[in-house]
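In the working numbering, the protein residues as written are 0 to 271.
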């Protein structure tokens, strides 16, 4: 990332080693394994995997103690699925699937149980269903497809709480208004913009802020470039708050002003 070289990410006993080539990564892995052994620990090869961030399949043979690590196309780190292509669609799909599984488990005991009050059902919706569905959403790049799928997952729960189905042909906005629930997309966009403000205000030396400000070296691949999160969230601030990119850092740097703008952020206009 520009002048910042990030060679490892550490959280408790979860470790990610990064390098520009398989040779560099093998050397880093060897040094890490040696340090672990010196401290009386060993790398668990059954829980270790190799992955190359590339649009094309690239071999990356890595060994620990002579044992070859499996190379994968995706892996989970701190609850988030990362893919070799660098896309987030699989992670969003996985979160929707996890939320659907939660709803199936609670369907008879919570969602459609007549003895349970609507207030109690919505409390469970906010405390269990929404966090499961939106875990890690601050760094999603939202597309129209993603928005549509998130809204469908949201309304799948809320319609049942309201005692309705798709056949009733009641607008989603009417159901939310009756339940006094803000649109989930509004919750997501507020948090994405809130995280943007945190990044701009981070002091020098904080890793998330440094990565956000860095300009990676190298060329972008030919063809239509993928939307970077930085570009997406800058456009989001322009579309939803009317703040042009050149003024974004200055405005978000004022914590109270930024918080006030986010509190006043209205739902997106639309048919839902």
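Beta carbons: idealized from backbone N, C-alpha and C, even for Gly.
None of the values given here were measured: they were computed from a predicted structure.
TODO: Identify, in the order they occur along the chain, each residue of the same chain with its Cβ nearer than 7 Å to the Cβ of residue 201, setting aside the five sequence neighbours on each side.
DONE: 207, 208
Task: C-alpha distance - residue 216 paired with residue 4, whole-angstrom precision - done: 11 Å
- [ ] Report yes if the C-beta distance between residue 93 and residue 82 is below 8 Å; otherwise report no.
- [x] no
Open item on the list: Are the CB atoms of residue 41 and residue 84 within a distance shorter than 8 Å?
Closed with: no
TODO: Let me know the secondary structure DSSP gives residue 13 once reduced to three states.
DONE: strand
Task: Identity of the residue in 268, 70, 223, 250 nearest residue 233 by Cα - done: 250
Task: Between the CA atoms of residue 65 and residue 139 - distance to the nearest angstrom - done: 38 Å
- [ ] Would you kindly report the start and end of the unbroken alpha helix (DSSP H) that includes residue 238?
- [x] 228-240
Task: C-beta contact flag for residue 117 and residue 160 at 8 Å - done: yes
Task: Environment of residue 106 [buried if 16+ CB atoms lie within 10 Å] - done: exposed
Task: Bounding residues of the alpha helix (DSSP H) (the contiguous stretch that carries residue 72) - done: No alpha helix (DSSP H) contains residue 72, which DSSP labels as neither H nor E.
Task: Three-state class that DSSP yields for residue 142 in the structure shown - done: coil
Task: Segment contact, 8 Å Cβ cut-off, at least three pairs: the segment 187-198 with the segment 134-148 - done: yes
Open item on the list: In whole angstroms, give me the CA-to-CA distance for residue 120 and residue 114.
Closed with: 11 Å
Task: Helix, strand or coil at residue 80 [DSSP, three-state] - done: strand
Task: Exposed unless 16 or more other CB atoms sit within 10 angstroms - verdict on residue 226 - done: exposed
TODO: Output yes or no for whether 8 Å exceeds the beta carbon distance between residue 76 and residue 15.
DONE: yes
TODO: Report buried or exposed for residue 182, applying the criterion of at least 16 other Cβ atoms within 10 angstroms of its Cβ.
DONE: buried
TODO: Would you kindly check if the distance between the Cβ of residue 87 and the Cβ of residue 70 is under 8 Å?
DONE: no
Task: Simplified DSSP assignment, three categories, for residue 119 - done: helix
Task: Beta carbon of residue 133 nearer than 8 Å to that of residue 187 - done: yes
TODO: Identify every residue that forms a DSSP beta bridge with residue 172.
DONE: BP columns for residue 172 are empty, so no partner.
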